[in-house]
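Below is one structure; the comments refer to it alone.
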Amino acid sequence: MHLLEGSGKARGARFALVVSRYHDFVTDRLQAGALAALDEAEVLPDDVAVIKVPGAFEIPLAAQRAAETGQFDAVVCLGCLIRGGTPHFEYIASAVAQGITSAAAASGVPMAFGVLTTNSVEEALERAGSGSSNKGWEAARAAVEMATLIKKLGRRAAPGIHV
Numbered sequence: 116m117h118l119l120e121g122s123g124k125a126r127g128a129r130f131a132l133v134v135s136r137y138h139d140f141v142t143d144r145l146q147a148g149a150l151a152a153l154d155e156a157e158v159l160p161d162d163v164a165v166i167k168v169p170g171a172f173e174i175p176l177a178a179q180r181a182a183e184t185g186q187f188d189a190v191v192c193l194g195c196l197i198r199g200g201t202p203h204f205e206y207i208a209s210a211v212a213q214g215i216t217s218a219a220a221a222s223g224v225p226m227a228f229g230v231l232t233t234n235s236v237e238e239a240l241e242r243a244g245s246g247s248s249n250k251g252w253e254a255a256r257a258a259v260e261m262a263t264l265i266k267k268l269g270r271r272a273a274p275g276i277h278v
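Under my numbering, the first residue of the sequence shown is numbered 116, with each subsequent residue one higher.
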């Protein structure tokens, strides 16, 4: 049996962070958490691009375009949706999740989902806290692992596994 998995270190890998400005009191914290995780993974600041978009709905297109440039090993998608009194929340949450999934599949570039979908501002702030409780940190860690895994899989020669 061969076990292939990503690494927690990604020196030399390049990452895009696509960050929604809507609810920036939360998304700025998600961004800080993601940057901290990338730093822990030995990713250099010059190897990170932060792309700001107006809201969560715009994340999938920007993420796909970033991936299509060929400049990034993974994309971290960060946003915040807070449930209101209308069905708008469900429509946007579903569209964003499906859009990010489609963009990753179409581009072949890993995309980490760090878009909060919460019932209240308090819940959003809890998920944008410090350390590993920060969902931006968590998404960036997933992006690091997937970027390094995809790199290993890309080096794999058929029919045997040579990593």
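Just so it is clear, CB atoms sit at the ideal spot from N, CA and C, and this is done for glycine as well.
Keep in mind the model is a prediction, meaning the values are calculated, not measured.
Terminal residues of the beta strand (DSSP E) in which residue i lies
{"i": "T142", "result": "Where T142 is concerned, there is no enclosing beta strand (DSSP E), although the alpha helix (DSSP H) it sits in stretches over 139-155."}
{"i": "F130", "result": "130-135"}
{"i": "A125", "result": "Run containing A125: none; DSSP gives neither H nor E here."}
Collapsed DSSP secondary structure at residue i in the structure displayed
{"i": "K266", "result": "helix"}
{"i": "K167", "result": "strand"}
{"i": "G214", "result": "helix"}
{"i": "V191", "result": "strand"}
{"i": "E260", "result": "helix"}
{"i": "G199", "result": "coil"}
{"i": "G223", "result": "coil"}
{"i": "A272", "result": "A caution first: A272 carries a pLDDT of 48, below 50, which makes its placement in the model too unreliable to give a value."}
{"i": "M116", "result": "coil"}
Start and end residues, alpha helix (DSSP H) containing residue i
{"i": "A340", "result": "An answer regarding residue 340 cannot be provided, because it is not within the stretch 116 to 278 covered by the chain."}
{"i": "V236", "result": "236-242"}
When the options are compared against residue i, the one with the closest alpha-carbon
{"i": "G251", "options": "V165, A220, L118, L268", "result": "V165"}
{"i": "N249", "options": "G185, L176, T142, V190", "result": "T142"}
{"i": "L193", "options": "A178, A210, E237", "result": "A178"}
{"i": "D154", "options": "R256, H203, P225", "result": "R256"}
{"i": "A243", "options": "H138, A189, L118", "result": "H138"}
{"i": "S217", "options": "T263, L118, I174, H117", "result": "I174"}
{"i": "K267", "options": "S135, F140, V211, D188", "result": "D188"}
Presumed contact (8 Å Cβ cut-off) between residue i and residue j, rounded CB distance
{"i": "A254", "j": "V191", "result": "5 Å"}
Taking one C-beta from the stretch 226-245 and one from the stretch 136-153 each time, how about it: are there three or more such pairs within less than 8 Å? yes
At least 3 beta-carbon pairs within less than 8 Å: the stretch 124-144 vs the stretch 180-191: yes
Assess contact between the stretch 119-127 and the stretch 156-174, defined as three or more Cβ pairs (one per stretch) separated by less than 8 Å. Is contact present? yes
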